[in-house]
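Working notes for the structure below.
Protein chains: 2
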Amino acid sequence: MVTKEQQHRYALILAGGRGTRFWPRSRKAHAKQVLDLTGAGPLIRLTLDRLLPLVPAQNVLVLTSGELRDAVRRLLPEVPAGRILAEPAGRNTAPAIGLAAKILLDRDPEAVMGVFPADHHIGRAAAFRRVASAAWREAARGRMVLLGVEPRRPDTGYGYIEFPKDALRPGSLKPAPVARFREKPDLATARRYLRSGNYLWNAGIFFWPAALYLERLRECLPGTHGRIASLPRFGSRRFSQALAEVFPQCDNISVDYAVLERTDGVLGFAAGDIGWSDLGSFEAVYELLEKDAAGNAARGELLALEARGNYVDAPGKLTALLGVEDLIVVDTADALLVAKRSEAQRVGEIVKALEARGLRGLL
Amino acid sequence: MVTKEQQHRYALILAGGRGTRFWPRSRKAHAKQVLDLTGAGPLIRLTLDRLLPLVPAQNVLVLTSGELRDAVRRLLPEVPAGRILAEPAGRNTAPAIGLAAKILLDRDPEAVMGVFPADHHIGRAAAFRRVASAAWREAARGRMVLLGVEPRRPDTGYGYIEFPKDALRPGSLKPAPVARFREKPDLATARRYLRSGNYLWNAGIFFWPAALYLERLRECLPGTHGRIASLPRFGSRRFSQALAEVFPQCDNISVDYAVLERTDGVLGFAAGDIGWSDLGSFEAVYELLEKDAAGNAARGELLALEARGNYVDAPGKLTALLGVEDLIVVDTADALLVAKRSEAQRVGEIVKALEARGLRGLL
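Protein sequences, first through last, are from chains A and B.
For the first sequence, position 90 (counting from the first letter as 1) is numbered 99 according to this note's numbering, and the numbering increases by one without interruption.
For the second sequence, position 55 (counting from the first letter as 1) is numbered 64 according to this note's numbering, and the numbering increases by one without interruption.
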C-alpha cells in the first residue's frame, strides 16, 4: 500500500560532475558517476537501485551534463528519458535543485524531493533506506532535512554540520536541529569536531518540499529564482530553448552555501552505519576494495612481487608489480596513470595540465 | 682493397638469449636482441651495422633460437637466410661457437672468427671498429684474443679479466697477456679490482681462428667437440637433421668457463672508450637514455608532476606520473610492469612466476 506521503515522493539524482580525480578512468563522456569503480556496478545505477524501493522510477529526475546524458539514459532505462535532463551549463547545486523543484512542481504541487549525489558509495542500502524514509517523512511535514554521516577521521576535505551538545543519536531515526554549517576545517579543527561528537559530515543528501525550496531560493538567490521561475511549464515546446537561455545566467553556487547556511530550522539525521563514502579519490576507492595479504587491490590480473598497498585498475591485461609500495596504477587504451596513493587528491591537476597542453582527446 | 687477412674474416653474432629482464617488452618471440631499447634501432641490427664496415654480409653467421629466427632474418636482410640458424636447444656459448667454427671451416679452412653478442650497446662504433680490427689482425696470427672493457664501477654482475701489473694500455691497440679470469666478484673484491687498474670487464667479444677454437674445444670438452665434428658438411641435405639430434647432447657451458680459463696465452685488448654497455636491465637502458630536467626518461608521451628519475616505456599512449620516483613503467598490449629501478635486475623473476602460473601467452 502506498501512503499519501509516499505518492508525493520524488528523487533528484545530481549527476553533473566530472570527477577529474578519477582520470584516466574518468573522461568527459565517461565521468565518475557512470563508472564502475567498486566492481558492484556504475555508481549512478547503484544510486537508482538504492532508491527504487522508496520511489517509483517515474518519480525520479536526473540532472546531468550534455556529454553524459546518453550514457546515463542507457544506464537507467526505467527512468523516462525525458526525465534525464542535461543542464545547459554546470552551475553547482543551488540552481540545479531549483530547476528540479520547478519541474516537479509543474507536475505535483505537493512534491517532496530527496536530493542524492549520483557518485557516492553506500554499502548498506537497507540501513540507508530506513533513515532516508524517516527523513522524507519529516520533510513532508514542511521541513528542510539533511542526512549527515558520523565522521570516522578528521578529514579536512568535507563540510561539517554542527549540532547542539548531546543532540545527536546516530541511527536513532530521530532528527536534531542543525546549529551551524562549517566549511572544510583545518586539521586541528577537524580533530576537535571528531572528539566532540556534535558534528556530522555533510553528505549532500537533502529532503524538502519542492515548494519550500523555491521559496527559500527566492529569498536567498532572487536572481536565480527569478530565472528559474520564468521558465515555461516543463514538457511544453519552449521549455528546452528557454532553459538553454536562462540556466547559464544563474548563480554558480552550492545549495549549502547559498541556502542551507542561511536557513533556520534545518533538521539533520545522523545516518548511523550506512557504509557511506563519497569516493572522493582513488584512495577512497582503494579503502573500499578487497585486498590481498599485502594490501594490494586490483582490477585485472595482478602479479605482485614484494609489492604492498597498491591500487591497480588495469582490466584486460596482467600487471606485474616489483618492489613498489602505495601506488595508484590506472591503465586505459590511450592513457596510463602512476601516482602515489598519498597524492590521490591531486589527480585532477593532471587533467588541468592536459587542458593547458590542448590534449582534448584525453580529457 | 681487401687484404688477405680481411678475406678470411667472419663474424659470429650470438643471438640465442631471451633477455627476461626486459619483460614485458621482451617475449620469447621478441627477445631483447630484436628490441629497440635505446631508440636507435633493434640491438641486433645495430650490431650488424657496426660490423659491416669490417666484414662482408656473406661472412656473417647468426645463431639464434627457433622462436626468433624469422624475426632476425627480417631484421638482417643482407645476411643470407641460410646463415641465420636456429640452435635446436640453448647450450650456452662454448657449443654455439664450436658449431659456428665447424660451419665456417666447411667453407674456409683459414677462417678467423670474431664473436659478438647481439644485444649489447656500443655507443662509439668507429672506436669499436679500430680495436676490433686490431684484435682480428692479432687473431689471424694464430692467437685467441678478447676485447675487454675498462671497469667504470665495482659491478658485481660481470666477469673480470686480470692482467699483469701495468700491462694494460687502454685504447692503445696493443694487446696484453691475460693473467687470469675472475668470476663475478663480491663488492669488496670488485672495488679492489677497480682500484688496481689491472682488470677489464669481460664483454663476451672474442677473436680466433676457427680451427684453433675447435682444437681447444677438443681438448677442453671432447664430448661436445666429437658431436660437433660428427656433423655432415654445412649445406648438405642431412645437416639440419643431424644438428637437431646432436646439438642438444652438447655440454651446456660458457666459452669462458670451458675454454678460455683453461687456455694459456690468451691476449686481451682494452677497448678504451667505446661506449659499451651490456644493457643488462632496464636500469642500464635508463642510464643511456636522454632525460628531462627531473631525470625522467620516456618513450611515449609523458606528463610528470613532481615525479623524478623514472623510466617510462609506453609508446602510443600518454603516461601521467604524479609524485613517484625511480620507477620503471613498461606498458604493452597485454602486460604492464611497474617496478622500482633498484630492483631492475629482478624483473626476470616475474617471468619465472608467470611460467609457474602457466601463463604461457605472456612469456
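Quick reminder that beta carbons are idealized off the backbone N, C-alpha and C, glycines included.
List the residues of chain A whose Cβ lies closer than 9 Å to the Cβ of residue i, in chain order.
i	result
R34(B)	Within 9 Å Cβ-Cβ: nothing; R34(B) doesn't reach chain A, min ~12 Å.
Starting from the beta carbon of residue i, find every residue of chain A whose beta carbon is closer than 8 Å, and list them in chain order.
i	result
G332(B)	A348, K349, S351, E352, R355
I359(B)	L312, L314, A329, L331
Listing by chain order, which chain B residues have their CB less than 9 Å from the CB of residue i?
i	result
L336(A)	V333, L336, V347
D343(A)	G325, K326, L327
A66(A)	Chain B residues near A66(A): none, gap ~39 Å exceeds 9 Å.
A362(A)	L312, L314, A329
Considering only C-alpha positions, which residue in the set the options is nearest to residue i?
i	options	result
Y266(A)	A66(A), G99(A), P104(A)	P104(A)
G289(B)	D164(B), D273(B), V264(B)	D164(B)
L114(B)	F190(B), P184(B), N68(B)	N68(B)
F137(A)	R59(A), V124(A), F172(A)	R59(A)
G286(B)	N211(B), A344(B), G318(B)	According to the sequence shown, residue 286(B) is Ser rather than Gly. When each option's Cα is compared against that of S286(B), the closest is N211(B).
L84(A)	D117(A), V64(A), A127(A), I106(A)	A127(A)
I170(A)	L182(A), K193(A), A220(A)	K193(A)
L221(A)	A110(A), R242(A), G213(A)	A110(A)
C229(A)	G168(A), R150(A), F243(A), V264(A)	V264(A)
I112(B)	D343(B), A238(B), G332(B)	A238(B)
R116(B)	A219(B), A90(B), G157(B), K300(B)	A219(B)
K361(B)	Y167(A), L314(A), G132(A)	L314(A)
L63(A)	V268(A), G166(A), R92(A), Q16(A)	Q16(A)
R27(B)	L209(B), R78(B), G50(B), T12(B)	R78(B)
L52(B)	Q250(B), A353(B), V294(B), D282(B)	V294(B)
V121(A)	G91(A), K13(A), Y167(A)	K13(A)
L331(B)	S351(A), L269(A), V333(A), L331(A)	S351(A)
G123(A)	A188(A), V158(A), I131(A), I214(A)	I214(A)
S74(B)	P118(B), P33(B), H234(B), I22(B)	I22(B)
E254(B)	R236(B), T341(B), V268(B)	R236(B)
T233(B)	S205(B), A188(B), T102(B)	T102(B)
L196(A)	G367(A), P179(A), R162(A)	R162(A)
L55(B)	R150(B), Q354(B), V268(B), H129(B)	H129(B)
G325(A)	V333(B), D340(B), A188(B)	D340(B)
A143(A)	I131(A), G132(A), K183(A)	K183(A)
Using a Cβ-Cβ cutoff of less than 6 Å, which residues in the same chain neighbour residue i once the five nearest sequence positions on both sides are dropped?
i	result
V88(A)	A66, V69
A329(A)	L312
L57(B)	L85
V321(A)	A307, L311, T328, V338
L371(A)	A344, L363
Y202(A)	Y169, Y208
R92(B)	L70
Can you pull the chain A neighbours of residue i, defined as C-beta to C-beta under 7 Å?
i	result
L371(B)	L327
A365(B)	Near A365(B) there are no residues of chain A at all, since even the closest Cβ is about 10 Å away, more than 7 Å.
Skipping 5 residues on each side, what residues in its chain have a beta carbon closer than 8 Å to that of residue i?
i	result
P257(B)	P97, A98, R100
A80(A)	A38, H39, V43
G48(A)	L298, R308
P186(B)	F172, P173, A176, G274, V275, L276, G277
E296(A)	S286
R247(A)	P241
Along chain B, in chain order, which residues have C-beta atoms closer than 8 Å to that of residue i?
i	result
D340(A)	D340, L345
Near residue i, what residues of its chain come up, given a Cβ to Cβ distance below 7 Å and the 5 sequence neighbours on each side ignored?
i	result
T272(A)	M153, R225
K349(B)	D335, L336
V158(B)	L209, W210, A212, A280, W285
* Residues within the region 287-312 of chain B neighbouring chain A, beta-carbon criterion of under 9 Å -> Along the region 287-312 of chain B, the positions whose C-beta sits under 9 Å from a C-beta of chain A are G309, E310, L312, read in chain order.
* Hey, which unbroken runs of the alpha helix (DSSP H) at 4 residues or more fall wholly within the region 248-309 of chain B? -> Runs of the alpha helix (DSSP H) inside the region 248-309 of chain B: 248-255, 264-267, 291-297.
* Could you tell me which uninterrupted alpha helix (DSSP H) segments, each at least 4 residues in length, are contained entirely in the region 107-163 of chain B, listed from first to last along the chain? => Listed in chain order, the complete alpha helix (DSSP H) runs (minimum 4 residues) inside the region 107-163 of chain B are 134-149.
* Run through the region 201-229 of chain A for me and flag every whole alpha helix (DSSP H) of 4 or more residues, listed as ranges in chain order. => Counting only runs of 4+ residues, the alpha helix (DSSP H) found wholly inside the region 201-229 of chain A occupies 219-229, in chain order.
* Within the region 55-109 of chain B, ranges of the beta strand (DSSP E) (whole runs, at least 3 residues) -> Here the runs fully enclosed are 69-73, 93-95.
* Going along the chain, which unbroken runs of the alpha helix (DSSP H) with 4 or more residues stay wholly within the region 15-46 of chain B? -> Whole alpha helix (DSSP H) segments, 4+ residues: zero.
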